[in-house]
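The structure under discussion appears below in the form of structure tokens.
Numbering (the working numbering), first residue to last: 79 to 364.
See below:
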């Protein structure tokens, strides 16, 4: 496992791909999460070998990236139009070895009950997962844990590790989970729940902490803390379960913390590096 920086997760905006590499190296990250379109642009300009060499020169591994659109949003024609844009982007990612993709799944719908929504997600994601598989790319689905988010919808949908794994299995063999300590905690997850995880199922990992003094069912999704800062989330148990599963990929902080977002870029990156590396270190504790 290695600490990976996603600049946007901590309020760092408007950096070029090259500037992001420099920032991640400067603060001791082991990897950098990327955005698919800028990554494709870099590969188009310089070639996959040259971009891969940039990561190596900065001592960084390639982290993860999100799909550039949400397949469950929009009309069928809009979905097909977005899907048609993917082939060159995926070719660049595959050539570079950026083989960990992710997408979050909303925990409810105003239009469809659970079973209908499940079938809809399978229909929308299966062709995309197949396209990813052609380039050796895995797709991690992320469930959204806060009850306060699910309550916004008329019909509940996936909100637990078990449910997201059911959806992933229905979509395809290269589909697994992007698991976030925050969502696991908010959904009432336990260490026992994590025992189902395997290296093959784990695509990407997010780490956070929760604000102190807020009941679990009242937690708000965009009010989180950096990992290992409040002690509310059982980071030790979470990370040790990943070790047991054999996970060896990127670990990325996603705090959505207004205080962190307000910091200068170097200060935000330094604080994020410190807390994310601490989370990774806890994976080896006994």
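The C-beta atom is built at its ideal place from N, Cα and C for all residues, glycine as well.
Query	Result
Please report the Cβ distance between residue 216 and residue 179, rounded to the nearest whole angstrom; I am assuming they are in contact, meaning their Cβ atoms lie under 8 Å.	7 Å
Mind checking residue 362: buried by the 16 CB within 10 Å criterion, or exposed?	exposed
Write down the C-beta distance between residue 220 and residue 256 rounded to the nearest angstrom, noting that I regard them as a contact closer than 8 Å.	4 Å
Determine contact between the region 93-112 and the region 297-304, defined as no fewer than three beta-carbon pairs at a distance below 8 Å.	no
Between 147, 351, 283, which has its C-alpha nearest residue 318's C-alpha?	283
Just tell me which of 290, 333, 91, 312 has its CA closest to the CA of residue 268.	312
Inspect the CB distances between the region 204-211 and the region 125-138 and report whether three or more fall short of 8 Å.	no
Would you call the region 86-96 in contact with the region 327-342, where contact means no fewer than 3 C-beta pairs closer than 8 Å?	yes
In the DSSP output, which residue or residues are listed as bridge partners for residue 221?	183
Cβ of residue 325 within 8 Å of Cβ of residue 280?	yes
If distances are taken between C-alpha atoms only, which option among 244, 260, 346, 158 comes closest to residue 294?	260
I need the straight-line Cα distance from residue 188 to residue 194, nearest angstrom please.	12 Å
In or out: residue 213 buried (at least 16 other Cβ within 10 Å) or exposed?	buried
Look at the alpha carbon of residue 108 and the alpha carbon of residue 80, and state the distance between them as a whole number of angstroms.	5 Å
Of the choices 251, 127, 330, 94, whose alpha-carbon is the least far from that of residue 141?	330
Locate the beta strand (DSSP E) running through residue 253, then write down its first and last residues.	253-258
Which two residues bound the contiguous beta strand (DSSP E) that contains residue 328?	328-331
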